[in-house]
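Trainee: Numbering (our numbering), first residue to last: 1 to 169.
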(Lines of atoms letter the chains of each structure in order from A and count residues from 1; the text may use other names and numbers.)
(Lines give C-alpha, C1' and ligand atoms only; values in the text may rest on other atoms or scores of the structure.)
Protein backbone atom coordinates (compact mmCIF):
# COMPACT_ATOMS: atom_id res chain seq x y z
CA UNK A 1 0.00 0.00 0.00
CA UNK A 2 2.86 2.40 0.77
CA UNK A 3 4.33 1.86 -2.70
CA UNK A 4 0.93 2.52 -4.28
CA UNK A 5 0.65 5.82 -2.38
CA UNK A 6 4.17 6.84 -3.40
CA UNK A 7 3.46 6.08 -7.05
CA UNK A 8 0.14 7.90 -6.83
CA UNK A 9 1.92 11.03 -5.58
CA UNK A 10 4.54 10.73 -8.31
CA UNK A 11 1.93 10.25 -11.02
CA UNK A 12 -0.19 13.11 -9.69
CA UNK A 13 2.87 15.36 -10.03
CA UNK A 14 3.30 14.08 -13.58
CA UNK A 15 -0.37 14.76 -14.31
CA UNK A 16 -0.08 18.28 -12.91
CA UNK A 17 2.91 18.92 -15.19
CA UNK A 18 0.95 17.42 -18.09
CA UNK A 19 -1.90 19.87 -17.43
CA UNK A 20 0.61 22.75 -17.26
CA UNK A 21 1.87 21.62 -20.67
CA UNK A 22 -1.70 21.36 -21.98
CA UNK A 23 -2.51 24.85 -20.70
CA UNK A 24 0.44 26.34 -22.56
CA UNK A 25 -0.35 24.41 -25.75
CA UNK A 26 -4.06 25.30 -25.72
CA UNK A 27 -3.39 28.95 -24.99
CA UNK A 28 -0.76 29.23 -27.70
CA UNK A 29 -2.85 27.47 -30.33
CA UNK A 30 -6.09 29.31 -29.54
CA UNK A 31 -4.35 32.69 -29.57
CA UNK A 32 -3.19 32.19 -33.17
CA UNK A 33 -6.47 30.88 -34.60
CA UNK A 34 -8.21 33.48 -36.72
CA UNK A 35 -10.29 31.59 -39.26
CA UNK A 36 -11.58 28.62 -37.28
CA UNK A 37 -13.97 30.09 -34.68
CA UNK A 38 -15.51 26.76 -33.62
CA UNK A 39 -12.11 25.24 -32.94
CA UNK A 40 -10.89 28.38 -31.17
CA UNK A 41 -13.97 28.42 -28.95
CA UNK A 42 -13.65 24.74 -28.04
CA UNK A 43 -9.93 25.12 -27.29
CA UNK A 44 -10.64 28.11 -25.07
CA UNK A 45 -13.36 26.15 -23.26
CA UNK A 46 -10.97 23.26 -22.70
CA UNK A 47 -8.26 25.70 -21.60
CA UNK A 48 -10.52 26.78 -18.72
CA UNK A 49 -11.20 23.13 -17.87
CA UNK A 50 -7.46 22.45 -17.98
CA UNK A 51 -6.69 25.27 -15.57
CA UNK A 52 -9.26 23.87 -13.14
CA UNK A 53 -7.85 20.35 -13.61
CA UNK A 54 -4.39 21.56 -12.57
CA UNK A 55 -5.92 23.19 -9.49
CA UNK A 56 -7.78 19.99 -8.57
CA UNK A 57 -4.59 17.95 -8.94
CA UNK A 58 -2.65 20.42 -6.79
CA UNK A 59 -5.38 20.10 -4.15
CA UNK A 60 -5.03 16.29 -4.23
CA UNK A 61 -1.27 16.58 -3.85
CA UNK A 62 -1.62 18.97 -0.93
CA UNK A 63 -4.20 16.75 0.79
CA UNK A 64 -1.82 13.79 0.42
CA UNK A 65 1.08 15.76 1.91
CA UNK A 66 2.88 16.34 -1.36
CA UNK A 67 3.31 19.22 -3.72
CA UNK A 68 3.70 19.94 -7.38
CA UNK A 69 7.08 19.59 -9.08
CA UNK A 70 8.55 22.89 -10.20
CA UNK A 71 10.96 21.07 -12.51
CA UNK A 72 8.28 18.88 -14.11
CA UNK A 73 5.88 21.83 -14.48
CA UNK A 74 8.57 24.03 -16.06
CA UNK A 75 9.67 21.24 -18.39
CA UNK A 76 6.08 20.65 -19.51
CA UNK A 77 5.59 24.34 -20.22
CA UNK A 78 8.87 24.55 -22.12
CA UNK A 79 7.99 21.54 -24.29
CA UNK A 80 4.58 23.04 -25.01
CA UNK A 81 6.14 26.39 -25.90
CA UNK A 82 8.51 24.67 -28.33
CA UNK A 83 5.62 22.73 -29.86
CA UNK A 84 3.66 25.93 -30.26
CA UNK A 85 6.57 27.70 -31.91
CA UNK A 86 7.07 24.82 -34.34
CA UNK A 87 3.49 25.23 -35.56
CA UNK A 88 4.25 28.74 -36.69
CA UNK A 89 6.59 27.43 -39.38
CA UNK A 90 4.27 25.01 -41.17
CA UNK A 91 1.66 25.96 -43.75
CA UNK A 92 -0.98 23.61 -42.39
CA UNK A 93 -0.70 24.60 -38.73
CA UNK A 94 -4.39 24.24 -37.94
CA UNK A 95 -4.60 20.66 -39.23
CA UNK A 96 -1.37 19.54 -37.57
CA UNK A 97 -2.36 21.32 -34.37
CA UNK A 98 -5.76 19.62 -34.29
CA UNK A 99 -4.10 16.25 -34.89
CA UNK A 100 -1.56 16.89 -32.13
CA UNK A 101 -4.34 17.96 -29.76
CA UNK A 102 -6.26 14.78 -30.48
CA UNK A 103 -3.16 12.70 -29.78
CA UNK A 104 -2.41 14.61 -26.57
CA UNK A 105 -5.97 14.12 -25.34
CA UNK A 106 -5.49 10.37 -25.65
CA UNK A 107 -2.24 10.59 -23.70
CA UNK A 108 -4.15 12.41 -20.97
CA UNK A 109 -6.96 9.84 -21.08
CA UNK A 110 -4.51 6.99 -20.57
CA UNK A 111 -2.82 8.89 -17.72
CA UNK A 112 -6.09 9.41 -15.88
CA UNK A 113 -7.15 5.80 -16.36
CA UNK A 114 -3.88 4.76 -14.66
CA UNK A 115 -4.34 7.37 -11.91
CA UNK A 116 -7.86 6.11 -11.20
CA UNK A 117 -6.54 2.57 -10.78
CA UNK A 118 -3.65 3.79 -8.60
CA UNK A 119 -5.97 5.88 -6.41
CA UNK A 120 -8.25 2.88 -6.00
CA UNK A 121 -5.32 0.63 -5.05
CA UNK A 122 -4.08 3.27 -2.58
CA UNK A 123 -7.55 3.55 -1.03
CA UNK A 124 -7.90 7.23 -2.01
CA UNK A 125 -11.53 7.72 -3.02
CA UNK A 126 -11.22 11.52 -3.26
CA UNK A 127 -8.37 11.41 -5.75
CA UNK A 128 -10.15 8.70 -7.70
CA UNK A 129 -13.23 10.95 -7.98
CA UNK A 130 -11.12 13.93 -9.10
CA UNK A 131 -9.39 11.83 -11.75
CA UNK A 132 -12.71 10.42 -12.98
CA UNK A 133 -14.06 13.96 -13.38
CA UNK A 134 -10.97 15.03 -15.32
CA UNK A 135 -11.06 11.83 -17.40
CA UNK A 136 -14.58 12.63 -18.59
CA UNK A 137 -13.51 16.14 -19.64
CA UNK A 138 -10.56 14.74 -21.57
CA UNK A 139 -12.77 12.14 -23.24
CA UNK A 140 -15.26 14.86 -24.22
CA UNK A 141 -12.49 16.95 -25.78
CA UNK A 142 -11.06 13.94 -27.64
CA UNK A 143 -14.52 13.12 -28.98
CA UNK A 144 -15.08 16.72 -30.09
CA UNK A 145 -11.77 16.68 -31.95
CA UNK A 146 -12.53 13.27 -33.49
CA UNK A 147 -15.92 14.50 -34.68
CA UNK A 148 -14.54 17.80 -36.01
CA UNK A 149 -11.20 16.82 -37.60
CA UNK A 150 -12.83 16.17 -40.99
CA UNK A 151 -14.55 19.59 -41.01
CA UNK A 152 -11.38 21.37 -39.88
CA UNK A 153 -9.43 19.62 -42.63
CA UNK A 154 -12.04 20.43 -45.30
CA UNK A 155 -12.19 24.07 -44.24
CA UNK A 156 -8.41 24.27 -44.34
CA UNK A 157 -8.30 22.74 -47.84
CA UNK A 158 -11.00 25.12 -49.11
CA UNK A 159 -9.20 28.16 -47.69
CA UNK A 160 -5.88 26.90 -49.06
CA UNK A 161 -7.33 26.94 -52.59
CA UNK A 162 -8.31 30.63 -52.37
CA UNK A 163 -5.60 33.07 -53.47
CA UNK A 164 -4.67 35.61 -50.84
CA UNK A 165 -6.54 33.79 -48.05
CA UNK A 166 -4.75 32.51 -44.94
CA UNK A 167 -5.57 28.88 -44.33
CA UNK A 168 -2.93 27.83 -41.78
CA UNK A 169 -4.55 29.44 -38.75
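The C-beta atom is built at its ideal place from N, Cα and C for all residues, glycine as well.
Excluding sequence positions up to five away, which residues of its chain have a Cβ less than 6 angstroms from the Cβ of residue 22?
Mentor: 50
Trainee: Going by DSSP in three states, residue 149 sits in which element: helix, strand or coil?
Mentor: helix
Trainee: Since residue 26 contacts residue 12 with CB under 8 angstroms, what's their CB separation in whole angstroms?
Mentor: Between residue 12 and residue 26 the Cβ distance is about 21 angstroms, and since that is not below 8 angstroms, they are no contact.
Trainee: Helix, strand or coil: how does DSSP classify residue 195 here?
Mentor: Only positions 1 to 169 of the chain appear in the structure, and residue 195 is not among them; the question remains open.
Trainee: Kindly list the residues whose CB is nearer than 8 angstroms to the CB of residue 47, restricted to its own chain and excluding five residues on each side of it in sequence; keep chain order.
Mentor: 23, 26, 27 and 30
Trainee: Consult DSSP for residue 166 and reduce its assignment to one of helix, strand or coil.
Mentor: coil
Trainee: Measure the C-alpha to C-alpha separation of residue 163 and residue 109 and round it to an integer number of angstroms.
Mentor: 40 angstroms
Trainee: Nearest CA to the CA of residue 10: which residue from 141, 106 and 111?
Mentor: 111
Trainee: Answer with buried or exposed for residue 174, where buried requires no fewer than 16 other C-beta atoms within 10 angstroms of its C-beta.
Mentor: Past the edges of the chain, shown from 1 to 169, lies residue 174, and the structure says nothing about it.
Trainee: Examine the Cβ distances between the stretch 142-155 and the stretch 89-103 and report whether three or more of them are shorter than 8 angstroms.
Mentor: In short, these stretches touch, since the Cβ pair count reaches three.
Trainee: In the DSSP assignment, find the alpha helix (DSSP H) that holds residue 48 and state where it starts and stops.
Mentor: Counting along the chain, the alpha helix (DSSP H) containing residue 48 begins and ends at 37-63.
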